[in-house]
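A.B. asks: My structure is below; once you've seen it, I'll send some questions.
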Amino acid sequence: MKNIITFAGSNSKTSINKALAIYASSLVEGVKTTVLDLNDFELPLYGIDFENENGIPENVHKFLDMLKQTDGIVLSLAEHNGAYSTAFKNLFDWISRVEGKLFFNKPMLLMATSPGGRGGLSVLEIAKGRFPFHDGNIIETFSLPFFGENFKEGKIVNAELDTQLKTAVTQFQKSL
Ligand SMILES: Cc1cc2nc3c(=O)[nH]c(=O)nc-3n(C[C@H](O)[C@H](O)[C@H](O)COP(=O)(O)O)c2cc1C
Numbered sequence: 004m005k006n007i008i009t010f011a012g013s014n015s016k017t018s019i020n021k022a023l024a025i026y027a028s029s030l031v032e033g034v035k036t037t038v039l040d041l042n043d044f045e046l047p048l049y050g051i052d053f054e055n056e057n058g059i060p061e062n063v064h065k066f067l068d069m070l071k072q073t074d075g076i077v078l079s080l081a082e083h084n085g086a087y088s089t090a091f092k093n094l095f096d097w098i099s100r101v102e103g104k105l106f107f108n109k110p111m112l113l114m115a116t117s118p119g120g121r122g123g124l125s126v127l128e129i130a131k132g133r134f135p136f137h138d139g140n141i142i143e144t145f146s147l148p149f150f151g152e153n154f155k156e157g158k159i160v161n162a163e164l165d166t167q168l169k170t171a172v173t174q175f176q177k178s179l
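Heads up, the sequence shown stops at 179 in our numbering, and the numbers go up one at a time, no gaps.
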């Protein structure tokens with residue numbers, strides 16, 4: 004059986020991106036899903052001085068191992084001021100210090116959601132442009148606008164958007 008990891012680019016305990024990522028991964032059939040939470044991988048703020056003095060924290064290696072061992076990645080990015088959340092960017096920067104690579108060509112379903120009408124499209128575009136430089140293998144992307152209206156009780160309630168996600172999940176599943 005294939006293994007996938009699913010997580011949000013957020014450290015919010017009530018992350019809407021984590022909710023979306025969990026829903027999307029529940030649609031992937033015949034896989035074992037491990038849900039990760041950035042709060043379980045606490046890290047100091049990246050800085051070259053900290054790295055020179057202390058080396059790379061253990062949690063960086065732990066997260067990197069999860070990325071190396073998985074067969075696929077379901078990731079939904081929170082958008083903060085049109086870009087990655089600090090928590091995600093910090094993890095990204097730390098991991099990039101080990102081998103440069105982050106995603107090891109593992110098939111990825113890349114998503115974003117926000118309470119607003121653009122649904123995190125700005126951060127999605129940033130990630131689409133950047134992840135390939137770190138061996139990102141983005142199979143499909145999906146953005147969910149107006150999270151509060153379109154997502155209820157663990158599911159997308161807008162039929163058109165739900166179909167769009169399911170089509171993306173099917174492609175992701177085929178790539179595993
Ligand atoms: C500092 C900050 C900046 C934000 N900037 C944006 C933004 O640029 N675009 C947007 O759609 N939402 C923005 N939001 C709202 C977030 O999309 C919202 O807080 C969302 O819940 C974040 O995802 P999460 O719950 O998975 O952490 C911002 C929120 C914060 C706290």
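The beta carbon of each residue, even a glycine, is placed where N, CA and C say it ideally should be.
Would you identify the three-state DSSP class for residue 135, choosing helix, strand or coil?
C.D. replies: Note: residue 135 maps to helix in three-state DSSP.
A.B. asks: From which residue to which residue does the beta strand (DSSP E) around residue 144 run?
C.D. replies: Note, residue 144: beta strand (DSSP E), 140-147.
A.B. asks: Just to confirm, are residue 89 and residue 6 a CB contact at a threshold of 7 Å?
C.D. replies: Against a cut-off of 7 Å, the Cβ pair of residue 6 and residue 89 comes out as no contact.
A.B. asks: Using DSSP bridges, identify the partner residues of residue 87.
C.D. replies: 82, per the DSSP bridge assignment.
A.B. asks: What are the complete alpha helix (DSSP H) segments, minimum 4 residues, inside the segment 4-46?
C.D. replies: As far as the segment 4-46 is concerned, its whole alpha helix (DSSP H) runs of at least 4 residues are 19-29.
A.B. asks: Around the C-beta of residue 21, are 16 or more other C-beta atoms found within 10 angstroms, so that it is buried, or is it exposed?
C.D. replies: Label assigned to residue 21: buried.
A.B. asks: In or out: residue 109 buried (at least 16 other Cβ within 10 Å) or exposed?
C.D. replies: Buried.
A.B. asks: Check for me: the beta strand (DSSP E) holding residue 112 runs from which residue to which?
C.D. replies: That run of the beta strand (DSSP E) goes 110-116.
A.B. asks: Is the segment 52-65 close to the segment 27-40, with three or more CB pairs under 8 Å?
C.D. replies: Contact between the segment 52-65 and the segment 27-40 is absent, because fewer than three Cβ pairs lie under 8 Å.
A.B. asks: Within a Cβ cutoff of 7 Å, which residues of the same chain sit near residue 28, ignoring the five residues on either side of it in sequence?
C.D. replies: 7, 9, 36, 77, listed in sequence order.
A.B. asks: Quick check on the DSSP output: the alpha helix (DSSP H) that includes residue 166 runs from which residue to which?
C.D. replies: Run containing residue 166: 162-178, per the alpha helix (DSSP H) assignment.
A.B. asks: Would residue 79 pass as a contact of residue 24 if the rule is Cβ separation under 7 Å?
C.D. replies: Taking 7 Å as the Cβ cut-off, residue 79 and residue 24 qualify as a contacting pair.
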